[in-house]
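Heads up: the structure comes next, in structure tokens.
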Amino acid sequence: MNKTLLKSKLHRINVTQVELDYEGSCAVDKDFLKLAGMQEYEKVDVYNVTNGERFSTYLILAEAGSKTLSVNGAAAHKVSIDDVVIICTYGSYDESEAKTHIPTLVYFDKSNNVTKVKNAIPEQKLKSV
1 MNKTLLKSKL
11 HRINVTQVEL
21 DYEGSCAVDK
31 DFLKLAGMQE
41 YEKVDVYNVT
51 NGERFSTYLI
61 LAEAGSKTLS
71 VNGAAAHKVS
81 IDDVVIICTY
91 GSYDESEAKT
101 HIPTLVYFDK
111 SNNVTKVKNA
121 IPEQKLKSV
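Structure below.
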């Protein structure tokens, strides 16, 4: 049996461009994709923290060093410039791979500078009432 697990994540990256009539769907700075282990044409799920929209699309390359996140085509209706989004990829892993799998999590500030890269999300603790 295979399990679908989070492979990589761009956490709280800001939309820099929206192009309704551009071919291709989600252009991301080539350096960010390399850092996260993502690749051109890979399927992604996009979670818009700003407005709650969620959609699937695929990645295309944006110029390295540009800090670009451009959402293009039909998906452009789901975001606005400066929206904060989370972009995730997933992989299918067999039982033994799943036991040792660690994702790559890339975090950003408001200017799309990478602030840290991690391989785990801390356990969530319940808030005291």
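Using the numbering used here, you'd call the opening residue of the sequence shown number 1 and step up by one each time.
For glycine and all other residues, C-beta sits at the position ideal for the given N, C-alpha and C.
Could you check which residue in the options has the C-alpha nearest to that of residue i?
| i | options | result |
| --- | --- | --- |
| Tyr58 | Lys125, Val71, Asp82, Pro122 | Val71 |
| Ala74 | Ser25, Met1, Val15, Lys125 | Ser25 |
| Ser56 | Asp94, Asn2, Asn48 | Asn48 |
| Lys3 | Lys127, Asp21, Ser92 | Ser92 |
Report, in whole angstroms, the separation of the C-beta atoms of residue i and residue j, which I expect to be a contact under 8 Å.
| i | j | result |
| --- | --- | --- |
| Pro103 | Leu6 | 5 Å |
| Asp83 | Thr50 | 4 Å |
| Gly15 | Val114 | Residue identity check: residue 15 is Val in the sequence provided, not Gly. Val15 to Val114, Cβ: 16 Å. No contact. |
Rounded to whole angstroms, what is the Cα-Cα separation between residue i and residue j?
| i | j | result |
| --- | --- | --- |
| Ile87 | Leu35 | 13 Å |
| Gly37 | Glu23 | 23 Å |
| Thr68 | Gln39 | 15 Å |
| Ile13 | Tyr107 | 7 Å |
| Asn133 | Asp31 | Outside the displayed span of the chain (1 to 129) sits residue 133, for which this structure offers no information. |
If we count the other Cβ atoms within 10 Å of its Cβ and call it buried at 16 or more, is residue i buried or exposed?
| i | result |
| --- | --- |
| His77 | exposed |
| Lys43 | exposed |
| Leu126 | exposed |
- [ ] Scan the region 81-122 and note each continuous beta strand (DSSP E) run of 3 residues or more that stays entirely inside, going in chain order.
- [x] 84-94, 104-108, 114-118
TODO: Please specify which runs of the alpha helix (DSSP H), each continuous and at least 4 residues long, are wholly inside the region 4-71, giving them in chain order.
DONE: 30-36
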